[in-house]
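Residue numbers (the numbering used here): 16 to 312.
For glycine and all other residues, C-beta sits at the position ideal for the given N, C-alpha and C.
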DNA sequence: CACGCGTGGCT
DNA sequence: TAGCCAAGCGT
């Protein structure tokens, strides 16, 4: 590992100074944002772009200002209010997490990395992000932006490997400022750098505050040579079918006839049945008598 | 560890 | 235009 070549204090100053002027004004970054607001934002932002999350986040926080408010409502309402953010199982997990907060944590978002990890829908990234951004604790926050920035800046590679490795976590921990408050700003700053400047497709090295230190740029921007990431198919997949079925239920005000669902995916009846079954198994759909269906009550 | 899981904007 | 990509998680 060539991390010793990067002067860490200089790196910290460059990124922190850049973040101070370049940061986007996002509502979950406001000093007024509660840990619950941060928690909701982190789950919504799992694989979904900021621009699509923002309006839905506002609607959720207005309707459910605390975990107890969400837990008191039906899980199907969470799925409906999720709208078109995608991966709607996240809405269900958010509802289940709110229920767990009421049952185990006095209605509050827990602050420790350990307790956060025990909540549904919370993995390594989200636990660290909520601990750091929601509670100001020192935590190693590694998302896809951080991985790409460090792959280029420190490792001199165009992209990070397909899956997160232990050595990447160790590298990120070694670069994390000792002070918790600086660590928090550093983490969000590196993420912001990846989101705005050190982007996946067309990095804007001319605008980069650490271009002078970047191992990838210094090496002449060598192409990625690792294993290819396999693209996701879409047309005709179960994911597309499930999305079409769930959309009908989301947009209906009450129970829906099986025949109306059939019209949402007419060409492959066997696939439709299988997907409806899987939606029920996931808890996203509740079957009623008489071939009727609804979002879970 | 590789895979399945939504959705839409951008190049 | 057809991929590529976006603050991952659970199995």
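Within a Cβ cutoff of 7 angstroms, which residues of the same chain sit near residue i, ignoring the five residues on either side of it in sequence?
i: residue 263; result: 271, 275, 276, 279
i: residue 213; result: 163, 164, 167, 223
i: residue 216; result: none
i: residue 242; result: 177
CB residue i to CB residue j, shorter than 8 angstroms?
i: residue 257; j: residue 293; result: yes
i: residue 82; j: residue 116; result: yes
i: residue 155; j: residue 180; result: no
i: residue 325; j: residue 86; result: In this structure the chain extends from 16 to 312, so residue 325 is not present and cannot be described.
i: residue 34; j: residue 283; result: no
i: residue 145; j: residue 22; result: no
i: residue 66; j: residue 211; result: no
i: residue 200; j: residue 31; result: yes
i: residue 219; j: residue 273; result: no
i: residue 124; j: residue 140; result: no
i: residue 310; j: residue 301; result: yes
i: residue 299; j: residue 104; result: yes
i: residue 203; j: residue 150; result: no
i: residue 79; j: residue 43; result: no
i: residue 136; j: residue 108; result: yes
i: residue 285; j: residue 238; result: no
i: residue 94; j: residue 265; result: yes
i: residue 29; j: residue 205; result: no
Residues in its own chain within less than 6 angstroms of residue i by CB, not counting five upstream and five downstream?
i: residue 231; result: 167, 171
i: residue 198; result: 153, 191, 192
i: residue 89; result: 312
i: residue 295; result: 302
I need the straight-line Cα distance from residue i to residue j, nearest angstrom please.
i: residue 178; j: residue 76; result: 33 angstroms
i: residue 64; j: residue 161; result: 16 angstroms
i: residue 287; j: residue 52; result: 36 angstroms
i: residue 121; j: residue 106; result: 21 angstroms
i: residue 142; j: residue 111; result: 16 angstroms
i: residue 246; j: residue 195; result: 38 angstroms
i: residue 315; j: residue 56; result: No answer is possible for residue 315: the residues shown for the chain start at 16 and end at 312.
i: residue 10; j: residue 40; result: Missing from the structure shown is residue 10; the chain here goes from 16 to 312 and no further.
i: residue 250; j: residue 102; result: 16 angstroms
i: residue 255; j: residue 261; result: 10 angstroms
i: residue 227; j: residue 221; result: 10 angstroms
i: residue 54; j: residue 60; result: 10 angstroms
i: residue 248; j: residue 25; result: 43 angstroms
Excluding the 5 residues flanking residue i on each side, which residues of the same chain have their C-beta closer than 8 angstroms to its C-beta?
i: residue 17; result: Since pLDDT at residue 17 reaches only 45, below the 50 mark, its modelled position is unreliable, and the value read off the structure follows with that caveat. Counting only Cβ-Cβ distances below 8 angstroms, and skipping sequence neighbours, we find 169, 170, 171, 230.
i: residue 19; result: Reliability fails at residue 19, whose pLDDT of 48 lies under 50, so the model's placement of it is uncertain and the value that follows must be treated cautiously. Once the five neighbours on either side are set aside, residue 19 has no close Cβ partner at all.
i: residue 159; result: 175, 209
i: residue 27; result: 192, 197, 201
Give the list of continuous alpha helix (DSSP H) stretches no shorter than 4 residues that lie fully inside the stretch 210–267. 230–233, 253–266
Write down every uninterrupted run of the alpha helix (DSSP H) in the stretch 49–102 whose length is 4 residues or greater and which is fully enclosed by it, in chain order. 50–59, 65–78, 82–86, 90–97
Considering only residues of the stretch 172–203, which uninterrupted alpha helix (DSSP H) runs meet the minimum length of 4 residues and lie entirely inside it, listed in chain order? 181–190
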